[in-house]
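Let me begin by presenting the structure, written as structure tokens, before commenting on it.
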Amino acid sequence: MKIRFWGVRGSVSSAGPKTQQFGGSTSCIEVIEKNQRIILDAGTGLRALGLQMAKKESEEAVSIFITHCHLDHIIGLPFFRPLHHPKKNICLYGPINQKRSFQDIISSIFSPETFPVSFNDIPAKLTFKEMVRETVKVGPLSITSFPINHPGSTLGYVVSNGKKKVAYLPDHEPIDGHSHFQEKSKSFDEQYRAELKNILKGCDALIHDAFFTDAHYGKFHGWGHSPLSYPIQLAKDSGVRKLIYFHYAPEATDKELKKQRDWALKKIKKQKLSIDLIMSREELVLTL
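Take any residue in the sequence shown, note its place counting from 1, add 1, and you have its number in the numbering used here.
Shown next, in the form of structure tokens:
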């Protein structure tokens with residue numbers, strides 16, 4: 002299983018001279034197993050992936066799994082080259098929302114006021130599938146969805162090829178910091194922590210929100226993101242050996258991200274943990 006990072010930022014794209022090393026595009030990851038590809042999230046990084054797919058003879062069926070419909074995770078869709086190819090079949094998977102359908106939310110970014118191509122004029126054939134807790138098969142890959150703690154309906158995903166598993170939680174706040182679920186109770190929070198630990202157990206890698214430093218998180222409880230220490234604790238509790246920081250704050254420069262890496266490595270070393278910490282960056286390719 003190969004994992005390629007096309008966008009690693011959160012909230013808004015922040016390309017510029019101070020973010021060149023890690024990149025400024027928002028969330029988009031490509032997972033490849035043999036000749037099968039799936040895409041996790043459709044942030045601004047999706048544009049570059051689509052351009053690469055257009056240069057090569059790519060598959061006619063494309064599967065994109067959206068964690069949630071905040072703009073930084075879907076804004077790349079109008080600029081995704083395969084979307085404008087009449088022979089492409091694109092299936093978009095995403096969360097169930099209480100007030101609007103997944104398709105309605107996605108189609109809204111193609112309104113005449115915001116984009117020159119209307120939703121009904123998109124050349125590719127689009128299919129929408131809403132998910133909560135289920136597993137779907139795309140070729141040799143199994144993708145399991147589950148609700149996670151973040152404002153609005155939000156999913157995490159575990160992708161498996163039958164031998165290796167990677168978990169993807171790009172926008173995730175510790176429930177101890179603030180619960181975004183309707184049910185507010187100590188027992189619900191305990192159940193959530195236990196279920197999350199069970200889901201992550203056996204995963205070979207965890208791609209996780211690393212938006213805030215621990216020093217800054219105290220001011221931003223309820224924003225839906227994690228301090229650096231939380232994914233370390235989550236990996237420790239779940240027995241995950243490879244932790245990949247992801248979804249960096251747009252204002253975090255390359256220099257600041259290196260400091261955050263050093264801080265996290267010291268914490269891992271101090272606790273004598275067997276965790277391999279990786280800082281995601283655009284064009285990074287990992288093999289599990």
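Beta carbons are placed, not taken as given, at the ideal position from N, Cα and C, and that holds for glycine.
The count of Cβ pairs closer than 8 Å, one atom from the stretch 54-64 and one from the stretch 87-94, reaches three, so the stretches are in contact. According to DSSP, residue 92 shares a beta bridge with 64 and 128.
Between the beta-carbon of residue 104 and that of residue 129 there is about 4 Å, and that keeps the pair under the 8 Å contact cut. Sixteen is the threshold: since fewer than 16 other Cβ atoms of the shown chains lie within 10 Å of the Cβ of residue 203, the residue is exposed. Your pair residue 176 and residue 193 checks out as a contact, with CB atoms roughly 5 Å apart and the cut at 8 Å. When the beta-carbon positions are compared, residue 6 and residue 33 stay at least 7 Å from each other. Comparing alpha-carbon positions, the option among 210, 238 and 249 lying closest to residue 10 turns out to be 249. Under a 10 Å Cβ-count criterion, residue 278 is classified as buried, with 16 or more other Cβ atoms of the shown protein chains found around its own Cβ.
A direct Cα-to-Cα measurement between residue 211 and residue 246 gives close to 5 Å. Inclusion of residue 41 and residue 66 in the CB contact set at 7 Å is warranted, their separation being smaller than that value. Among the bridge pairs identified by DSSP, residue 146 is matched with 158.
Less than 7 Å separates the beta-carbon of residue 232 from that of residue 244.
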